[in-house]
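When the letters of the sequence shown are read in order and numbered with the numbering used here, they come out as residues 27 to 314.
Don't be surprised by glycine CBs; every beta carbon is placed ideally from N, CA and C.
Presented below is the structure to which this report refers.
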Amino acid sequence: MKYAKLSTHKANGGMGFHDFRDFNLALFAEQGWRLLTCGDSLMGKIFKARYFSFGSFLSPTLGLNPSYIWKSVFKAQSLVRASVRKIVGDGSTTNILSDPWLKDELNSFIESRHPTLVGNVVSSLMKTNLLEWDEEIVSDLLSVRDQALIWKIPLTRSFGNDTWYWMEEDTGLFIVKSAYALQEVINGSNDMDSNSGIWKQLWQLKLPPKLPKHLCTFLFDVLLLKAAGACHGRFGMGFVARTAAGVVLQAKSLIRVDVLQPHVVEAIGIKEALSWIKVNGSTNVVVD
């Protein structure tokens, strides 16, 4: 079975394995998160001095002659940027232009590009020695859109220093699992198909060991043939053996290349089912 099919979501007929590339991106995103939140660490100081001396992990470009490690971590920059936010406390460590601190899910960055904003922190938009927005400065330097979003940000001493927040978790802390799920959403890999209800019911069945995998393959083949039979001249059939209590014992699927009427296919299916029963040596069987 191809890995693309194995890594498909269980609700779409796959086995739910992690996609290697997306999972690696989530792991690199964790390193990007650490560059944001642990800037005083040895790794943080080295990378900051080398690649983003005047900003944060979210602001730099790849740069000239980057190391292999930096190129790998840099690939996860867009993933981190998609869900990381800066909570404004005293505004002393939040860059006005390069940090995402506005309360806007689609674009949390300042759109205004007044020259005075370059290199300044959010505290410069507040009144001197007061934890209040300076209405005159905000009105003069920022666009109407940015002003409206800033007025929504409460300023209180209880927030303390500015802090980074991961929006995918209620705790605000970065978790690889939620980063991987976000990357799947970005790729559109989590979209449910029309047969998702069937697969959900399948994975909820209480089956003997090793049977779910076989049964999953059987159902996957049948559903594909149902869609492709008309244009490829093929038809498929499947059988499930279960006890009177409904416990599934075995499953089998067959593929035939031909163009036949539905009633003929049904007759062939009954014949194949009886042959399967005979080969298995089953007795007291009811075919429905």
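- request: Please check if any C-beta of chain B sits within less than 9 Å of the C-beta of residue 35.
  value: No chain B is part of this structure, which consists of one protein chain only.
message: With distance defined between alpha-carbon atoms, name the residue in 309, 307, 209 and 187 nearest to residue 49.
response: 209
message: Residues in the same chain with beta-carbon distance under 8 Å from residue 78, minus the five sequence neighbours each way, listed in chain order, please.
response: 85 and 86
message: I want to know whether the region 97 to 107 touches the region 179 to 190 - three or more CB-CB distances under 8 Å.
response: no
For residue 52, three-class secondary structure by DSSP: helix
For residue 104, the nearest candidate out of 58, 41 and 195 (CA to CA): 58
Cβ neighbours of residue 32 in the same chain (closer than 8 Å, five flanking residues each side left out): 40, 41 and 43
task: In angstroms with no decimal places, state the Cα-to-Cα distance between residue 308 and residue 203.
output: 46 Å
query: Does the Cβ of residue 66 have 16 or more other Cβ atoms within 10 Å, making it buried, or fewer, making it exposed?
result: exposed
- prompt: Going along the chain, which residues of its own chain have a beta-carbon closer than 6 Å to the beta-carbon of residue 128, five neighbours each way excluded?
  reply: 134 and 175
Alpha-carbon to alpha-carbon, residue 195 and residue 88: 28 Å
message: Among the candidates 102, 45 and 69, whose CA atom is the shortest distance from the CA of residue 54?
response: 102
- request: Consult DSSP for residue 85 and reduce its assignment to one of helix, strand or coil.
  value: coil
- request: Drop a sphere of 10 angstroms on the beta-carbon of residue 30, count the other beta-carbons inside from all chains shown, and report buried for 16 or more, exposed for fewer.
  value: exposed
message: Just to confirm the assignment, what range does the alpha helix (DSSP H) spanning residue 278 have?
response: Per DSSP, residue 278 belongs to no alpha helix (DSSP H); it is in the beta strand (DSSP E), 274 to 283.
task: Quick one: give me the first and last residue of the beta strand (DSSP E) that residue 190 is part of.
output: 189 to 192
Assumed close pair residue 315, residue 188 - CB separation to whole angstroms, cut-off 8 Å: Outside the shown range of the chain, which is 27 to 314, sits residue 315, and nothing can be said about it.
query: Under the three-state reduction of DSSP, which class applies to residue 267: helix, strand or coil?
result: strand
message: Rounding to the nearest angstrom, what Cα-Cα distance links residue 146 and residue 138 in this structure?
response: Residue 146 and residue 138: Cα-Cα distance of roughly 13 Å.
message: Within a Cβ cutoff of 8 Å, which residues of the same chain sit near residue 130, ignoring the five residues on either side of it in sequence?
response: 175
- prompt: Since residue 159 sits in a beta bridge, which residues does DSSP pair it with?
  reply: DSSP links residue 159 through a beta bridge to 152.
- prompt: Quick one: Cα of residue 207 to Cα of residue 279, how far?
  reply: Cα to Cα, residue 207 sits roughly 33 Å from residue 279.
task: Assign residue 242 to one of three DSSP states: helix, strand, or coil.
output: Residue placement at residue 242 is flagged as unreliable, the pLDDT there being 47, under the threshold of 50; the coordinate-derived value follows with that caveat. It is helical.
query: For residue 303, which of 281, 285 and 277 has the nearest alpha-carbon?
result: 277
Span of the alpha helix (DSSP H) around residue 291: 288 to 306
query: How is residue 32 classed by DSSP in three states: helix, strand or coil?
result: helix
message: Could you compute how far the alpha carbon of residue 295 sits from the alpha carbon of residue 36?
response: 28 Å
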